[in-house]
Structures are given as C-alpha cells and as structure tokens.
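Report on the structure given below.
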Amino acid sequence: MSYLLHIDASSLGEASVSRQVARSFRDEWKGAVVHRDLAVSPASHLSAAGITARTTDPAEHTPEQAKAAAVQDELIDEFLGADAHPFTVPMYNLTMPSVFKAWLDQIMVAGRTLSFDGPPPTLGRPATVISARGGGYGPGAPKHDMDHLVPPLETVLGHPTNLGLDLTTVLPELTMARTCR
C-alpha cells in the first residue's frame, strides 16, 4: 500500500504553526496518510539494548534486545513503506525536539535504512521538513548561524550516504513576533 507518512514532533497541538502548514500537505495528498504524532506517542530514546541488538545475532538477543529490535523494526517498516514524508519539526531552543531525534535514532539502522555498500533504500524519495520558528534564522538574519535544526536534518535526511531523501524545507519564521495593533 502506498501512503504518505507524516512524522509530527510539535508539542503545541492545534496551535502549532508547523502542524497547520503540514495539514495542507496531507490535504493535497491523493492517497492514504499515516500520521505518527511523536508528541502524543513518542519513540523511546535509543538504549544500550537498541544499539547492541543490531550487532548481535537475533538468535542470541536478550529479551531487552529483542524488544528494542521490534520497536525499531516497526518504525523502520513504517518509514520504508511510505512514498513521501512530511516532517513537522519546529525549532525548540535552536534545535529539533528531542522526540524527533529519538525517532531518527530508532530508524537509522545499518542494513535497513542505511547502506555502506550502495545507495540507501530511500534515495530520492520526496520529503519536506516543515519547521516553524519564533525568530528569524534565515540567510542574512543576525541569528543565521544559530540554526542547529535545518543543517543537521539536511545531512541526516538528505545526504545520499545517509537516508538520501529529496529534501525540501518550509520555514515559517517570526511566529512569535509581536504584531502591530
């Protein structure tokens, strides 16, 4: 089944500008949509069991490793099965929400989503990072060098030796700026 996988990391619910922008992507999609709301159901942070599960023969897994591998496999299968990915990742304290980083850590697994001897399975797949931010961090802005969200995501999500997604960014800025009355 083809579907759009929307990964949402905004904690603000309906008040989230990132979520409002992402909704327009979902509304235009001509197919099934899977929405994983990390603010409601966060991925667990990567544990020692999750790290060692991928370097240990499954027949020798401890119960903790087996459970960690099952969590990773569920998230990876969902990710790999999608045709396109909007990622709602607002800027919190100059970087990504920790729930999104935890999700990334769970899906970035050698032999599944990462390949050391060829292109990744998601190479060229369309993806959009939607990242609202209260201030201005775009090119030429005084705080441009303080954006610790978009550059790392461009590397992790878009670089062809990582996930290799065909990445577009949508960056609503100044969402917390005061307006004239």
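For the record, in the sequence shown the residue sitting at position 42 is 74 according to my numbering, with numbers rising by one throughout. By construction, the Cβ of each residue, glycine as well, lies at the ideal position given by its N, Cα and C atoms. Predicted model, so just to flag it, every value in this text is computed and none were measured.
Identified DSSP bridge partners for Val202: Residue 202 sits at position 170 when you count from the first residue of the sequence shown. Bridge partners of Val202: Ile162.
Val131: first and last residue of the uninterrupted beta strand (DSSP E) it sits in: In the sequence shown, counting from the first residue as 1, residue 131 sits at position 99. Not the beta strand (DSSP E): Val131 falls in the alpha helix (DSSP H), residues 130–139.
Separation of Leu78 from Asp137, as counted between CA atoms: Within the sequence shown, the letter at position 105 stands for residue 137. Within the sequence shown, the letter at position 46 stands for residue 78. If you take the alpha carbons of Asp137 and Leu78, they lie about 6 Å apart.
Span of the beta strand (DSSP E), counted from its first residue to its last, around Phe148: Taking the sequence shown and counting its residues from 1, one reaches residue 148 at position 116. Secondary structure note for Phe148: it is in no beta strand (DSSP E), with a DSSP letter that is neither H nor E.
Segment limits, beta strand (DSSP E) that includes Pro95: The count along the sequence shown starts at 1 and reaches residue 95 at position 63. Careful: Pro95 lies outside any beta strand (DSSP E), inside the alpha helix (DSSP H) at 95–113.
Val182, DSSP secondary structure in three states: Here residue 182 is taken as the residue at index 150 of the sequence shown, counted from 1. Residue state, collapsed to three classes: helix.
Arg157 (DSSP reduced to helix, strand or coil): The residue you call residue 157 lines up with position 125 of the sequence shown. Coil at Arg157, not helix or strand.
Option in Ser43, Arg51, Ile83 with minimal Cα separation from Ala142: As a first step, residue 142 must be located in the sequence shown, where it is residue number 110. Comparing Cα positions, the closest option is Ile83.
Pick from Asp89, Asp59, Asp40 that is closest to Leu70, judged by C-alpha positions: Counting from one through the sequence shown, the residue named residue 70 turns up at place 38. Here the closest residue by C-alpha is Asp40.
Neighbour-count burial assignment, Pro122, 16 or more Cβ in a 10 Å radius: For the purposes of this step, residue 122 is taken as residue 90 along the sequence shown, with counting starting at 1. Per the 10 Å Cβ criterion, buried.
Member of Gly166, Tyr169, Arg86, Ser130 whose CA lies at the smallest distance from the CA of Arg144: Position 112 of the sequence shown holds residue 144. When only C-alpha atoms are compared, the closest one is Arg86.
Distance, Gly168 Cα to Leu195 Cα: Locating residue 195 in the sequence shown gives position 163, where the first residue counts as 1. Locating residue 168 in the sequence shown gives position 136, where the first residue counts as 1. Using only the alpha carbons, I get a separation of about 28 Å.
Minimum C-alpha distance to Ser130 - residue among Met208, Ala164, Ser43, Pro118: Residue mapping note: residue 130 aligns to position 98 of the sequence shown, counting from 1. It is Ser43 whose Cα lies nearest to the Cα of Ser130.
Burial state of Thr154 (16 or more Cβ within 10 Å): Reading the sequence shown from its first residue, position 122 is the one you call residue 154. So Thr154 ends up on the buried side.
For Asp89, the three-state DSSP class (helix, strand or coil): Within the sequence shown, the letter at position 57 stands for residue 89. If DSSP states are grouped into helix, strand and coil, Asp89 belongs with coil.
Selection from Trp135, Ser56, Gly166 that minimises the alpha carbon distance to Val72: What you label residue 72 is simply residue 40 of the sequence shown in a count that begins at 1. Of Trp135, Ser56, Gly166, the residue nearest in Cα terms is Trp135.
Extent of the continuous beta strand (DSSP E) to which Ala54 belongs: What you label residue 54 is simply residue 22 of the sequence shown in a count that begins at 1. First-last for Ala54: 49–60, but that is the alpha helix (DSSP H), not the beta strand (DSSP E).
Close Cβ partners of Leu206 (< 6 Å) along its chain, the five nearest in sequence each way excluded: Within the sequence shown, numbered from 1, the residue matching residue 206 stands at position 174. Excluding sequence neighbours, Leu206 sits near Gly168.
Cut-off 8 Å between Cβ atoms - residues of its own chain near Met217, not counting five sequence neighbours on either side: Given that the chain is displayed from residue 33 to residue 213, the structure contains no residue 217 and the question cannot be resolved.
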